[in-house]
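Take the sequence shown: its letter number 65 is residue 65 in UniProt numbering, and every next letter is one higher.
Quick reminder that beta carbons are idealized off the backbone N, C-alpha and C, glycines included.
First comes the structure, then the notes that go with it.
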Amino acid sequence: MPMILSEQELNQVDQLDERHRRDVFLAYWVQKEAALKCFGQGFLANPQSVILTSENATNGSKAQVLGEAIFIHSGRISDGESRGFQWAIATSNATARPQWQHHKSGIFF
1 MPMILSEQEL NQVDQLDERH RRDVFLAYWV QKEAALKCFG QGFLANPQSV
51 ILTSENATNG SKAQVLGEAI FIHSGRISDG ESRGFQWAIA TSNATARPQW
101 QHHKSGIFF
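The following block contains the structure:
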């Protein structure tokens with residue numbers, strides 16, 4: 001976690017109940033990875049430099065990557081039996097929240 005999270009994010013995760021830490025860390029990881037890929041650097045840039053900020057529920061969250069704004073939509077998909085998985089989509093421009101559609105071959109949007 002110290003390689004990915006900023007000091008503030010680490011402190012937030014440390015304050016959580018142990019059973020929630022994994023999920024919160026995974027949410028941070030997925031959002032930072034999407035932001036860095038959108039920025040074109042991937043993990044060549046320091047993920048600690050990605051500053052995630054909350055926006056209202058309609059617009060998702062926002063990240064600053066080396067001073068550039070990246071807009072992120074993220075969430076969790078679960079079948080109710082498993083823990084599911086985290087997803088994140090990052091764009092350089094604000095967009096509407098993606099609409100998920102189920103298809104017999106998998107999930108697409």
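Note: Ser74 is bridge-paired with Ala88 in the DSSP secondary-structure output. In the displayed model, Ala63 falls within a strand according to three-state DSSP. The three-state secondary structure of Leu52, taken from DSSP, is strand. Assignment of beta-bridge partners to Glu68 by DSSP yields Val65. In the three-state DSSP reduction, Gly40 falls in the coil class, being neither helix nor strand.
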